[in-house]
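For what it's worth, the numbering used here labels the leading residue of the sequence shown as 129, then goes sequentially.
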Amino acid sequence: MEQSIFYILAALALIGTLLAVFEKHPVHAILYLVTSLFAVAVIFYLLMAPLVAAFEVILYAGAIMVLFLFVIMMLDLGHPEKGLAPQRYEWLPALVLVSISIAALVIVISRQAASPVPSLQALPLRQIAARLFQEHGLAVELVSMQLLFALVGALYLGKRREPSLPAPEGGRKPEGEDSP
129 MEQSIFYILA ALALIGTLLA VFEKHPVHAI LYLVTSLFAV AVIFYLLMAP LVAAFEVILY
189 AGAIMVLFLF VIMMLDLGHP EKGLAPQRYE WLPALVLVSI SIAALVIVIS RQAASPVPSL
249 QALPLRQIAA RLFQEHGLAV ELVSMQLLFA LVGALYLGKR REPSLPAPEG GRKPEGEDSP
């Protein structure tokens, strides 16, 4: 039963990601990506990693997607091109995502626990941090560098550029400008 839930959620994550990549409207693409990230978070929860699932929801589906949405709103990219004819099957991706979500929900609700849940011990935060940085230090550094690059790129794209002013007639400089 868990395996079928895993495959349904994996399909949901894959379809959501593909729709996010191929969507022309940026806000819709972000919504598809959030759907995909929530599916991945549920997969982490099914794999007995609730802390990673919580991080997935809080950091990726929450904070980073809000940052992406903010950048799209600042750059005014939220409007699709005007004059495009409506597509014939634009409701199809939403229908696929909703049907997969409903199927996963029905399976989760209808499943009966065949075996008791094994007891898990909570690790202290110090031990989690030690394991994270000792065993996965390179991955943590790579992710931090990717986030830094994304921040620099967002700042560069969001920077307002002043239009260049034409040179004044007669070759004279405007008042108040010093000559070099």
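Even for Gly, the Cβ is constructed at its ideal location relative to N, Cα and C. Please read these numbers as outputs of a predicted model, since none were measured by experiment.
DSSP places residue 202 inside the alpha helix (DSSP H), whose first and last residues are 193 to 203. The continuous alpha helix (DSSP H) containing residue 273 extends over residues 265 to 286. By the criterion of at least three beta-carbon pairs nearer than 8 Å, the segment 188 to 205 is in contact with the segment 151 to 167.
Counted as a single uninterrupted DSSP element, the alpha helix (DSSP H) harbouring residue 170 occupies residues 154 to 174. In the three-state DSSP reduction, residue 131 falls in the helix class (H, G or I). Closest by C-alpha distance to residue 140, out of 223, 278, 260 and 248, is 223. If you check the CB distance, residue 176 and residue 248 come in under 8 Å. Residue 290 has its alpha-carbon roughly 43 Å from the corresponding atom of residue 225.
Within 10 angstroms of the beta-carbon of residue 154 lie 16 or more other beta-carbons, which makes it buried. If you compare the alpha carbons of 150, 132, 288 and 264 with that of residue 218, the shortest gap goes to 150.
Counting the other CB atoms within 10 Å of its CB gives residue 137 a total of 16 or more, which places it among the buried residues.
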